[in-house]
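Just so we're aligned, residue 10 is where the sequence shown starts under the working numbering, counting upward by one.
Even for Gly, the Cβ is constructed at its ideal location relative to N, Cα and C.
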Amino acid sequence: MDKLLMMCMATVMVFITVMFCKSWKKKRMRGRRRSQLPRGSLGWPFIGETLEFMSCAYSPCPERFMEKRRIMHGKVFKSHIFGSPTIVSTEAEVNRFILQSDASIFVPSYPKSLTELMGKSSILSINGSLQRRVHGLIGAFLKSSSLKAQITLDMHNYLKASMACWKDDRLIYIQDETKHMVFEVLVKGLIGLQPGDEMQFLKQQFREFIAGLISLPVKLPGTRLYRSLQAKKRMVMLVRNIIQDKRRSRGCNPRDVIDVLLHDSSNQLTDDLISDNIIDLMIPGEDSVPMLMTLAIKYLSDCPLALQQLEEESMQLKRRKSLLGEDLCWTDYMSLAFTQNVIMETLRMGNIILGVMRKAMKDVAINGYFIPKGWCVFAYFRSVHLDENHYGDPYSFNPWRWKDKDIAACSFTPFGGGQRLCPGLDLARLKASIFLHHMVTSFTWVAEEDHVVNFPTVRMKNKMPVRVARKKSSAGQGERSGCTTVGERKQRIHIQCLDSQRL
Ligand code: HEM
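Right, dumping it as structure tokens:
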């Protein structure tokens, strides 16, 4: 009996010792890994370093926040912004790892006002197989040649009608013009809505909605967030009615994104999910794509040599197509090599999406940096795109740098990457190419002074005013671009240097 008792006690002792050793080892590992936390400061209690981040982001020198910390702590550092302890990465390889990781490692994490407004079923909030399914369906439709052909036709019609009203020597606000155009054309592709009263209503509600995306997370009547949520409710009602009409009269060939999502056989896509995602998809129509076009006009206006080369390329295409008696199709626009380089350089310098935010689902180690479970990570693209180790003379607009550059490199991520790579990237490039082609073949312009504001979203302070003049013979000989800005004089000094890079 004593022997048995002794054996039991010995077994218990061994068990306890093993458990103790295991937990001690785990704690020691954790302690060691925690000591690998990137350097940096968590700032003030509660607010952390948010105020400093925001005041720099608003200022004409938005790099200050990141640069100061990069110098003090390195390219990956810890901070506390938007209410969470956050690891900020300005290193291309770490950003690539974050983008390539699936939902078992990182999930999207955005400020509360943004997730409230997007809704639980938004593609930006869902994860795993449902996100992959919705992404796949939307992506396949947005990449389809039938949609690209439709968008090209709609843009031609829209541009023809609106540019016909542009009078010589009048100020045109490029930011407003492009917003109207892209929104209407995109919404037609998303929900099949034609221009008219409903489109106007949607546009108004959408403006109210988008204004609250980055706001205080307070939902009381009268607050910014509350008004935006009310506007979203009204939009959802409109989209729901369209969904119900479509459910009643379902055709065979999907003609817009609602049709595509309704045709899905998985039964996972509820009306809530469809309407939340349709509204998400309108954001690039009001914001990212118009900004791409507006910034391209800004940078081209400041760089006459690039404008001239882009114009020559477009005039050549126009002449060739008119000799053949053909209209331009979407593949023609995408074949404009220099125009595509201008778009890439605009994306690099403009950083329309500053970066993406994720939350770690478990402890993660990347390139020797430790990210504890529950912490946020901010993969900050802007610093990488403006890093002179990746792009020589990073603040000068130089579309020629893209001539032989590998765009698949992990240092260029304006559209994100991995499973959440933007499904609208081709469409964004196509729309920008069409707009630029029509601008340079139909008009010359003189840009007024304006500058870029980077926060909370990228925009032009004065909406990018330009004084336009219609070209005498837009199908004839390419004329010298009429771009003269304050920047032009300065720019001429750089031209020789750019020219030598081109050669
Ligand atoms: C200049 C224009 C655009 C830029 C710079 C841009 C940028 C981005 C970026 C960086 C992401 C990744 C977000 C993340 O990883 O969390 C993204 C995702 C997304 N974009 Fe775009 N985008 C543009 C245009 C468009 C257009 C035209 C559409 C469609 C109409 C679109 C639809 C989407 C959707 C649905 C996602 C979410 C994908 C997912 O989470 O699975 N974007 N975009």
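Which residue wins for smallest C-alpha separation from residue i, given the options the options?
i: VAL103; options: LYS307, ILE380 and GLU354; result: ILE380
i: LYS197; options: GLY221, GLN159 and LEU168; result: GLN159
i: ASN463; options: PRO47, PHE62 and MET18; result: PHE62
i: TRP384; options: LEU395, ASP372 and SER392; result: ASP372
i: VAL248; options: GLU397, MET208 and ASP273; result: MET208
i: LYS77; options: CYS338, ARG259 and ARG48; result: ARG48
i: SER110; options: TYR400, ALA374 and MET16; result: ALA374
i: LEU195; options: ASP178, LEU225, ILE181 and LYS157; result: LYS157
i: MET244; options: LEU202, LYS228, VAL227 and MET448; result: LEU202
i: ASP311; options: GLU458, LYS382 and TYR400; result: GLU458
i: GLN317; options: ARG141, MET353 and HIS446; result: HIS446
i: LEU51; options: PHE91, PRO117 and ALA305; result: PHE91
i: GLU354; options: PHE444, TRP409, VAL467 and ASP177; result: TRP409
i: THR348; options: LEU301, ARG391 and VAL393; result: LEU301
i: ILE306; options: ASP273, MET324 and MET358; result: MET358
i: LYS480; options: LEU314, ASP163, ASP177 and ASP265; result: ASP177
i: PHE390; options: ILE361, ALA417 and LYS412; result: ILE361
i: ASP396; options: GLY426, PRO117, CYS65 and ILE80; result: ILE80
i: MET190; options: SER392, TYR182, ASN398 and MET164; result: MET164
i: ALA315; options: ASN407, TRP53 and SER154; result: ASN407
i: ARG438; options: ALA369, ASP415, GLN428 and PRO293; result: PRO293
i: ASP280; options: LYS129, GLY145 and PRO117; result: LYS129
i: ARG105; options: VAL475, GLY425 and THR466; result: GLY425
i: SER64; options: ILE56, PHE74 and GLY57; result: PHE74
i: THR450; options: HIS144, GLN325 and LYS241; result: GLN325
i: LEU225; options: SER155, GLU125, LEU332 and ALA418; result: GLU125
i: PHE150; options: LEU356, LYS12 and PRO263; result: PRO263
i: HIS394; options: ALA418, LYS382, LYS12 and GLY377; result: ALA418
i: GLY57; options: HIS89, TYR404, PRO230 and TYR182; result: HIS89
i: MET370; options: MET22, SER118 and LYS12; result: SER118
i: LEU139; options: TYR67, GLN428, VAL475 and VAL467; result: GLN428
i: TYR404; options: GLY334, LEU146, SER258 and TYR308; result: TYR308
For residue i, which residues from the same chain have a beta carbon less than 7 Å from its beta carbon, with the 5 sequence-adjacent residues on both sides left out?
i: SER131; result: ASP285, ASN286 and ASP289
i: GLU295; result: LYS188, PHE192, PHE215 and ILE219
i: GLY491; result: Annotation note: pLDDT 42 at GLY491 (below 50); position unreliable, no value reported.
i: LYS152; result: ASP435
i: PRO120; result: PHE91 and ILE223
i: VAL227; result: LEU234
i: GLY485; result: Legend: pLDDT at GLY485 = 41, less than 50; position of this residue unreliable, value from coordinates given subsequently. Contacts found: none.
i: ASP265; result: GLY198, LEU199, ILE200 and GLY201
i: LYS241; result: LEU126, PHE218 and ILE288
i: LEU430; result: PHE424
State the beta-bridge partners of residue i as determined by DSSP.
i: CYS385; result: THR95 and LYS368
i: VAL475; result: ILE181 and ALA456
i: SER88; result: THR95
i: PHE115; result: ALA369
i: PHE2; result: For the chain, the structure presents residues 10 to 512; residue 2 sits outside this window and is missing.
i: MET469; result: VAL461
i: GLY57; result: TRP53
Go through its chain and collect everything with a Cβ distance to residue i's Cβ below 8 Å, but skip five positions before and after it.
i: LYS330; result: ASP336, LEU337 and ASP341
i: ILE107; result: SER98, PHE115, VAL365, ARG367, ILE375, VAL386 and ALA388
i: ILE283; result: VAL248, ILE252, ILE267, LEU270 and LEU271
i: PRO71; result: CYS65, ARG391, ASN463 and PHE464
i: ALA19; result: none
i: LEU229; result: TYR235
Measure how close the beta-carbons of residue i and residue j come, nearest whole angstrom, since I'm counting them as under 8 Å.
i: VAL580; j: SER98; result: Since the displayed the chain opens at 10 and closes at 512, residue 580 lies outside it and no answer follows.
i: GLN184; j: LYS472; result: 4 Å
i: MET343; j: SER442; result: 7 Å
i: MET448; j: VAL461; result: With 8 Å as the limit, MET448 and VAL461 do not qualify as a contact, their Cβ atoms being about 19 Å apart.
i: LEU345; j: GLU322; result: 6 Å
i: LEU271; j: ARG256; result: 7 Å
i: VAL298; j: LYS440; result: 6 Å
i: SER420; j: ALA101; result: 4 Å
i: SER275; j: ARG142; result: 6 Å
i: TRP339; j: THR161; result: 4 Å
i: GLY83; j: ALA112; result: The pair is not a contact, with the Cβ atoms about 28 Å apart (cut-off 8 Å).
i: ILE181; j: VAL467; result: 20 Å between Cβ atoms; not a contact.
Quick one: residues in its chain with C-beta nearer than 6 Å to the C-beta of residue i, no 5 flanking neighbours on either side, listed in chain order?
i: GLY148; result: PRO432
i: GLN45; result: PHE379
i: HIS399; result: SER420
i: LEU363; result: ARG391
Please specify which runs of the alpha helix (DSSP H), each continuous and at least 4 residues long, are wholly inside the stretch 135-180, giving them in chain order. 137-152 and 154-173
Contained alpha helix (DSSP H) runs [length at least 4] in the stretch 401-457, N- to C-terminal order: 434-451
Which full runs of the alpha helix (DSSP H) of 4+ residues lie inside the stretch 212-300, going along the chain? 233-257, 266-271 and 280-295
Taking only runs of the alpha helix (DSSP H) that begin and end inside the stretch 333-358, which ones reach a length of at least 4 residues, in chain order? 339-343
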